[in-house]
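Residue numbers (my numbering), protein chains in the order written: chain U, 0 to 342; chain Z, 0 to 342; chain D, 0 to 342.
Step one of this worksheet: look at the structure below.
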């Protein structure tokens, strides 16, 4: 548990102290959970009532807001709070070194300050940069490359030849480099495997959630580009390219050879059909099924997906269909009657 | 293989024997699969034909039903059958003790009769109750707590600090405590990680299927409440609360900060948007996309979901839209004609 | 890296050489990626422009097509290319033998030329055929059977009693034999487990993707039939039967007791409700939700799914609903007016 005065914390976030600079906090919490030894934050005037009710000992506030207790004024209270969270709860790992129960090939190359947990396996020809951390039960196949400061949690499977950049994080149970799903229906009525001889490239600062799958390319590479973030249980098929700086939420999936551009938002459980392109800044709403290319900044919704506004209106009117059918019936009767009268 | 007379079995389920009390069975099976050495059950009059055709040597029947072979009369034949299934097929595990190839920290605390399989790893500060069973390849991080009689199958990943209650079961490949999916888009166009410093609490008698993910909270805890059952490949995002006594079917997913109440039924592949509340007794039909709060006992269907009846009617009428468009065209023509005549 | 003359390659695929038979290639690539040391292929006249632009040193062509460089004429250039891909990139595995850090029960039976990687665990009574390869971290429970030439990648979990045929491949992180999702709501308001005492049978030449789950049957067996291919993150619930020769794309899921016939195509993220039958040759389009039996060769789309043409038209007309509502309003006004005139 860290303890710090608010003047020490203000220095870390470029803030200005209001009230007792020696006021000491030992934790960080939301307004509703904070107690008198906690620092909390007020990011938005809508939470003024929550502030009044909060037991927080001290607060991060924006530059203009009145202080009702020891406070730190900053430009962006939420961002400052996140910065302090990192300081109060730095990520730590067991101090394995190369654990005697790890199985590291004599033909693998490890950088400085690498940690490899027990029952992790690193094959021949693998190259790990400095400060890489490999948790127990993780498998790193022959010839893989992993850049400096990357972190692989437990029970990850990395097939041979996969390349991972620097500062990447892979959560437990994820699989990188499994075969793409390609078969050729033979004249014998059986599916014959199309060899999947390409690779997987995960660039710098990518984060991959738990139990996510990235298949190797048939030829060439499947690529997760710089700074892209994949949530849990995501499926990336062979020969896709995703990002840079794109986010894909849980259980979303891409079919083969899909290209997703930069800063795209892919919602949960979205599916994208094969060979499509989704351009920069697009947003695919949750559960959408994308069946055509998506242009820059387009927002898509529905299965099959349409531009968001159109899909939204279609859905809303769809719920009124029983009423429309009734009206149609009434109108038809009325017209029949008029028609009879006018004969 | 267990062998028992029907009078012995009747005693186990509080039943009454009809016919030879020494009739002996050595297995349990459905009416269609049972042979002369099997006991089967008839839960419902609809299966009378199946009973006649069945080769079962003996039957469980309800109290009123006529017996056509050695039988056991009980109040609830299906429940009695399940009870006997448990007796004939008790769950057993390899007798590992603390396997010499397990890697258990000297600073972990283990209760009585704990079994830890080879290549399982238990870190410092972890505390396991009595009769806990940990299968091979499972990772239990620093400071985790696991209550009495809990069972973790192979290759499960439990991040540091996770708390699991008593009588819980976690199937293979599941991940508890991975980081929530939270990022902050910086002025540099890159996503910066929002520290995920909370935890995961899995309460008593929870069962978690295979390859399911439960993310740790950003602050506070993600909670799976007493008796809740999660199927395979389910996604629970940070800060959710699920249950007690709720069931979520395969591939369903919750976005961040969702609250699901007690005795809710969440169908397969359902998605729930962030910060929503689903109240007690609600039912979310398979593949629904929940975009608003759901009240007690409400049944929701569709994506985005509407009350089941409304969604069902909208869908049924939707399939008749081509007909409606045709009728509209015909009616318009008729009105045009009338309009011409009346001018 | 393999090097071969085109006459050597022609012999492997039953082709006819055009041009210099000693022309040597050292790689295989698509038309767009190939360089002068690569062999590529032209499967279709639509790629003639790509052929002209291609730097490929040599080509596979069909029997009639004019050659513009050293070439091999074959009946099916794509299939011949796949055959050569296999030769240039044969699947290889680390040469573990039975690795000293594997944990193999003395009561397990292993065939000839079996490889078991470090930290793999094989329990008593398991029987592995010849040339089986088990990657690190994979768990094979008591009494499992695995046929000749089957391949299990890393961190796979195979519960006790599972039977896998010959020539099967299971990718990393998959789980075979976890409990089916069955509970009985007791009078105490808690869900009681329905014992899942059946098994899983995976027949010959099945391929199972990464992080896929196949649950054991409640009684009897869950069966994945000969030659069936399951992609990543697929969910197969208890008592299902799939195939033979059926393909299921990523993130598709079957509820309990579903039967899928031969040569069915199940699209990505499809869900099928429990106890349904999908007959031979049917196609379930991506994201469909199947709520009724599907006949031979039927193509289904939508959630809930309808025959593809009907669902497609309903969706197209649905997007035009705002227009229909407007027209209805206009027509009603016109009829009111006519009605007034005719009074």
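Glycine included, every Cβ here is placed at the ideal spot set by N, Cα and C.
Secondary-structure assignment with DSSP links residue 198(Z) through a beta bridge to 220(Z). Look at residue 162(Z) here: in three-state DSSP terms it is strand. Within chain Z, the residues whose beta carbon sits less than 7 Å from that of residue 338(U) are 333 and 337, listed in sequence order. Look at residue 330(U): its C-beta is under 9 Å from a C-beta on chain Z. Taken in chain order, the complete alpha helix (DSSP H) segments of 4 or more residues contained in the segment 18-74 of chain D are 47-52. Contact between residue 234(D) and residue 264(Z) is ruled out by a C-beta separation of about 17 Å, above the 8 Å threshold. For residue 209(U), the chain Z residues whose Cβ falls inside 7 Å of its Cβ are 174, 177 and 212, in order along the chain.
For residue 232(Z), no beta strand (DSSP E) encloses it, and the DSSP letter there is neither H nor E. Setting aside the 5 residues that flank it on each side, residue 300(D) is surrounded in the same chain by 284, 287, 307 and 310, each with a C-beta closer than 6 Å to its C-beta; the list follows chain order. Residue contact check for residue 192(Z) against chain U: a CB pair falls below 9 Å. Among the CB atoms of chain Z, none fall inside 9 Å of the CB of residue 152(D). Going by DSSP, residue 77(U) is part of the alpha helix (DSSP H) stretching over 76-87. If you check the CB distance, residue 163(U) and residue 146(U) come in under 9 Å.
At a cut-off of 9 Å between beta carbons, residue 302(U) contacts chain Z. In chain order, 303 make up the part of chain D whose C-beta sits under 7 Å from the C-beta of residue 314(Z). By DSSP's assignment, residue 306(Z) forms a beta bridge with 299(Z). Sequence-distant partners of residue 129(U) (beyond 5 residues in either direction) whose C-beta falls short of 8 Å from its own C-beta, in its chain, are 110, 111, 112, 113, 147 and 148. Not a single CB atom of chain D sits nearer than 9 Å to the CB of residue 35(Z). Residue 184(U): member of the beta strand (DSSP E) spanning 182-184, first to last residue.
Under the 8 Å Cβ criterion, the segment 208-226 of chain D counts as touching the segment 170-190 of chain U, having at least three qualifying pairs. Scanning its chain for C-beta atoms nearer than 6 Å, with the 5 sequence neighbours on each side dropped, one finds around residue 252(Z) the residues 234 and 270, in chain order. In summary, no residue of the segment 19-51 of chain Z has a CB separated from any CB of chain U by less than 9 Å.
Assigned with DSSP and collapsed to three states, residue 320(U) falls in helix.
For residue 6(U), the enclosing alpha helix (DSSP H) starts and ends at 5-12.
The beta-carbon distance between residue 57(D) and residue 24(D), rounded to whole angstroms, is 6 Å. This is short enough to meet the 8 Å contact definition. Residue-level contact by beta carbon holds for residue 196(Z) and chain U, with a gap shorter than 9 Å. Among the residues facing chain Z, residue 246(U) is included, as its CB has a counterpart in that chain under 9 Å away. In the pairwise beta carbon analysis, the segment 98-106 of chain U is classified as not touching the segment 36-52 of chain U: fewer than three pairs are separated by under 8 Å. The beta carbon of residue 100(D) falls within 9 Å of a beta carbon belonging to chain U, placing the residue at that interface. In this model, residue 213(Z) and residue 49(Z) are separated by some 43 Å (Cα to Cα). Here residue 322(Z) is exposed. Its C-beta has fewer than 16 other C-beta atoms within 10 Å. Counting every other CB atom within 10 Å of its CB across the protein chains shown gives residue 94(Z) a total below 16, marking it as exposed. Between residue 202(U) and residue 226(U), the gap from beta carbon to beta carbon is short of 9 Å. Taking CB atoms only, residue 250(D) has a neighbour in chain U less than 9 Å away.
Here DSSP, grouped into helix, strand and coil, assigns residue 288(Z) to strand.
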